[in-house]
Amino acid sequence: MSPAPHPVLDAVLQVMRPLARLLLRQGIGYPVLAAALKRVFLDAAQAELAARGMPATDSAITLLCGVHRRDVRLLTRVAPDHQRAAASAQPLGVAGQVVGAWLTDERWLDPQGAPRRLARTGEDGFDALAQGISRDVRPRALLDELLRLELVQEGPDGGVTLARSGFAPRGDAAEMAAQMAANLHDHAAAAVANLAGEANFLDQALYVDDIGADSLQQLRRAATAAWRQAFKAVLSQGRALSAADVRQLPQAQRSLRLRFGAYFFSEDTQAPPPSPARGRVAGPPSEDPP
117 MSPAPHPVLD
127 AVLQVMRPLA
137 RLLLRQGIGY
147 PVLAAALKRV
157 FLDAAQAELA
167 ARGMPATDSA
177 ITLLCGVHRR
187 DVRLLTRVAP
197 DHQRAAASAQ
207 PLGVAGQVVG
217 AWLTDERWLD
227 PQGAPRRLAR
237 TGEDGFDALA
247 QGISRDVRPR
257 ALLDELLRLE
267 LVQEGPDGGV
277 TLARSGFAPR
287 GDAAEMAAQM
297 AANLHDHAAA
307 AVANLAGEAN
317 FLDQALYVDD
327 IGADSLQQLR
337 RAATAAWRQA
347 FKAVLSQGRA
357 LSAADVRQLP
367 QAQRSLRLRF
377 GAYFFSEDTQ
387 APPPSPARGR
397 VAGPPSEDPP
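Quick note: to get the working numbering, add 116 to the position in the sequence shown (first position is 1).
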């Protein structure tokens with residue numbers, strides 16, 4: 117007998133579909149995922165009980181999340197794996213900070229506001245940019261890391277060019293997976309908080325259909341241009357505010373973080389699923405988003 121429909125469960129299963137395909141492509145089947153999810157449900161149950169002010173006993177955890185008491189006892193005696201949560205809370209690495217400065221600091225931009233091609237050395241070269249971010253990492257080592265991630269290109273003359281407008285590593289599968297995890301985690305956390313009435317995070321998207329290939333490419337370029345503008349504006353202000361807070365506030369008052377992003381997805385829908393009415397654009401209300 118199938119369980120009664122539940123709108124939240126149905127929504128989570130819909131979200132899981134592309135992730136299930138990703139797992140299958142990596143040779144990870146349902147039994148492996150099911151076993152790994154026990155740890156996820158255990159951690160979620162402990163957090164929920166703590167939020168309710170209740171003791172996280174084995175019985176309470178089992179009643180709340182359904183994980184068998186035997187597994188709860190085993191998992192609670194193993195150090196919790198907080199690496200994923202910690203990774204999502206980490207500030208930008210040095211490589212990301214260099215790319216951010218290159219994209220937003222006028223010193224490294226050309227008259228049109230695009231990232232300049234930098235000489236390797238000199239007061240306006242890559243080494244100066246890298247040392248302005250961190251003196252703990254040698255500029256050559258940092259350049260090698262950016263090359264490995266395919267974020268920069270180094271010319272025969274030693275000149276360095278930013279390969280793409282944004283921190284989107286392509287040369288390292290583990291780095292790409294970590295970035296996907298951080299982005300999807302925070303997007304899901306924002307949506308869950310909104311759904312639970314705990315917050316009012318920005319979570320907006322628009323939908324367009326009934327278009328051909330040329331129109332799709334035009335909209336892709338428009339979306340990319342809009343993101344680059346927003347990226348530069350928010351990152352520039354974020355760097356300035358962060359620097360000011362570091363100077364003015366003690367560490368205890370600087371525990372907040374945020375993530376702001378964008379995505380673009382398209383597909384060929386031979387048999388389109390239920391969606392907003394065809395032949396129109398559906399988007400957020402006309403008023404400013406929350």
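Think of the CB as a built atom: it goes at the ideal place given N, C-alpha and C, for glycine as much as any other residue.
Note that this is a predicted model, so its numbers are computed, not measured.
{"Asked": "N-terminal and C-terminal residue of the alpha helix (DSSP H) that T192 is part of", "Found": "185–192"}
{"Asked": "Neighbour-count burial assignment, V128, 16 or more Cβ in a 10 Å radius", "Found": "exposed"}
{"Asked": "Cross-strand partners of L234 (DSSP beta bridge)", "Found": "V276"}
{"Asked": "Nearest residue (CA-CA) to A306, options T277, L318, L351", "Found": "L318"}
{"Asked": "Cβ separation of A235 and V214, assumed to be a contact under 8 Å, to the nearest whole Å", "Found": "Incorrect: roughly 15 Å between the Cβ atoms, too far for contact."}
{"Asked": "7 Å CB neighbourhood of P231 in its chain, flanking five on each side removed", "Found": "W218, L219, W224, L225, L278"}
{"Asked": "Cutoff 7 Å; reference P255; Cβ partners in own chain excluding five residues on either side", "Found": "F242, D243, A246, Q247"}
{"Asked": "Proximity to A160 [Cα-Cα], best of G145, Y146, V183", "Found": "V183"}
{"Asked": "Run of the alpha helix (DSSP H) containing V128, from where it starts to where it stops", "Found": "123–141"}
{"Asked": "For A211 and L263, believed in contact at Cβ under 8 Å, the rounded distance", "Found": "The pair is not a contact, with the Cβ atoms about 10 Å apart (cut-off 8 Å)."}
{"Asked": "Classification of H198 by the beta-carbon crowding that lies within 10 angstroms, buried from 16 upward", "Found": "Unreliable positioning characterises H198 in this predicted model, as indicated by a pLDDT of 48, which lies under 50. The coordinate reading is nonetheless provided below. It is exposed - the Cβ of H198 has fewer than 16 other Cβ atoms within 10 Å."}
{"Asked": "Segment limits, beta strand (DSSP E) that includes E270", "Found": "268–270"}
{"Asked": "Cα-Cα separation between R133 and I144, rounded to whole angstroms", "Found": "14 Å"}
{"Asked": "Contact check, R370 vs D384, beta carbons under 8 Å", "Found": "no"}
{"Asked": "Nearest neighbour of H76, chosen from R186, A167, F376, Q386 [CA to CA]", "Found": "With the chain represented from 117 up to 406, any question about residue 76 goes unanswered, as that position is not in the structure."}
{"Asked": "M170: first and last residue of the uninterrupted alpha helix (DSSP H) it sits in", "Found": "It is not in any alpha helix (DSSP H) - M170 carries neither H nor E in the DSSP assignment."}
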